[in-house]
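Using this note's numbering, read the sequence shown as starting at 2 and increasing by one per residue.
From the three backbone atoms N, C-alpha and C, an ideal C-beta is built for every residue, glycine too.
Remember, it's a predicted structure, so these values are computed and weren't measured experimentally.
Comments concern the structure below.
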Amino acid sequence: MIEVRGLKKTFDGFAALDGADLSVPRGAVYGLVGPNGAGKSTTMNILTGYLSSTSGRAMIDGLDILEHPMAVKKKIGFLPEMPPLYLEMTVKEYLNFIYDLKKCTLNRKEHIAEICRVVKIEDTMDRMIKNLSKGYRQRVGIAGAIVGNPEVIIFDEPTNGLDVLTAKVVTDFLAELRAQGKTVLLSTHIFSLVEKLCDRVGIIIDGKMAVEGALPEICGGKSLEDAFFDLYA
């Protein structure tokens, strides 16, 4: 479903990505881990069309993101590390805006109500986003990402900096996506989250994919944390 081959991205001569490869089968949950600055967000921004690659290929469902950007974007729900919310809108206004922006054809009232139920923001619909806590803003960002029921969900650090209760809501939501057979790519620093939810994992260091594959193969009987630090040492 997601294929990245030899992906490179340079900024003023600096290689943020240097030949990265990864593969996410349809219906799999894939965890991308690595230190800050390793290239995780750059990979996701290229896959979602926010950045162009210097070389290599990034494909969603067989479509090259550079050759078919609009077709690919229709298949994707994306939550960047900092959700692009409109703070002067209410939650209801924002979700209806995203519904219209994505040209969604699902029943508006039922679809938005179901999304709000899943991410547990029903009680915030008439509140302005600027008055919500960071955790609730993150939930609203997730709700916006899944408007239109996209085939592929890409989350960049979805639990970063969240309180325990909100992190639990997000983790439960990811588990529900897995149960629904969605294709999910997420980056995270939380090894236990990857071990709990992910079928495959990629460890990226200094713009290079140090190792990539099924979780048992990567870990080799160790914890993911130990496998990571063995590579990073």
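So, residue i versus residue j, is the Cβ gap smaller than 9 Å?
{"i": "leucine 86", "j": "isoleucine 130", "result": "yes"}
{"i": "aspartate 62", "j": "valine 92", "result": "no"}
{"i": "alanine 146", "j": "leucine 232", "result": "no"}
{"i": "threonine 189", "j": "valine 153", "result": "no"}
{"i": "lysine 209", "j": "alanine 21", "result": "yes"}
{"i": "leucine 163", "j": "lysine 135", "result": "yes"}
{"i": "arginine 179", "j": "valine 30", "result": "yes"}
{"i": "leucine 18", "j": "glycine 38", "result": "no"}
{"i": "lysine 10", "j": "leucine 48", "result": "no"}
{"i": "isoleucine 155", "j": "isoleucine 77", "result": "yes"}
{"i": "glycine 7", "j": "serine 56", "result": "yes"}
{"i": "isoleucine 219", "j": "glutamate 213", "result": "yes"}
{"i": "asparagine 97", "j": "isoleucine 116", "result": "no"}
Please classify residue i: is it buried, with 16 or more other beta-carbons within 10 angstroms of its beta-carbon, or exposed?
{"i": "glutamate 123", "result": "exposed"}
{"i": "glutamine 139", "result": "buried"}
{"i": "asparagine 108", "result": "exposed"}
{"i": "valine 1", "result": "With the chain represented from 2 up to 234, any question about residue 1 goes unanswered, as that position is not in the structure."}
{"i": "methionine 71", "result": "exposed"}
{"i": "serine 54", "result": "buried"}
{"i": "phenylalanine 229", "result": "buried"}
{"i": "proline 217", "result": "exposed"}
{"i": "threonine 106", "result": "exposed"}
{"i": "glycine 221", "result": "exposed"}
{"i": "glycine 182", "result": "exposed"}
{"i": "glycine 198", "result": "One detail in the question is off: residue 198 reads as leucine in this sequence, not glycine. Burial call: buried."}
{"i": "leucine 33", "result": "buried"}
Write down the C-beta distance between residue i and residue j rounded to the nearest angstrom, noting that I regard them as a contact closer than 8 Å.
{"i": "tyrosine 95", "j": "valine 170", "result": "18 Å between Cβ atoms; not a contact."}
{"i": "aspartate 200", "j": "alanine 211", "result": "That belief does not hold up - the Cβ atoms of aspartate 200 and alanine 211 are roughly 19 Å apart, past 8 Å."}
{"i": "aspartate 157", "j": "methionine 45", "result": "5 Å"}
{"i": "threonine 172", "j": "leucine 194", "result": "6 Å"}
{"i": "serine 42", "j": "glutamate 4", "result": "Serine 42 to glutamate 4, Cβ: 19 Å. No contact."}
{"i": "glycine 50", "j": "lysine 74", "result": "6 Å"}
Between which two residues does the alpha helix (DSSP H) harbouring residue i extend?
{"i": "tyrosine 95", "result": "92-102"}
{"i": "glycine 7", "result": "Counting along the chain, glycine 7 falls outside any alpha helix (DSSP H), though it belongs to the beta strand (DSSP E) covering 3-12."}
{"i": "isoleucine 47", "result": "41-48"}
For the beta strand (DSSP E) that residue i lies in, which residues bound it at each end?
{"i": "glutamate 196", "result": "Note, glutamate 196: premise wrong, no beta strand (DSSP E); alpha helix (DSSP H) at 192-198."}
{"i": "aspartate 22", "result": "15-25"}
{"i": "serine 56", "result": "56-61"}
{"i": "lysine 209", "result": "209-215"}
Runs of beta strand (DSSP E) wholly within the segment 131-192 (minimum 3 residues, chain order) | 153-157, 184-188
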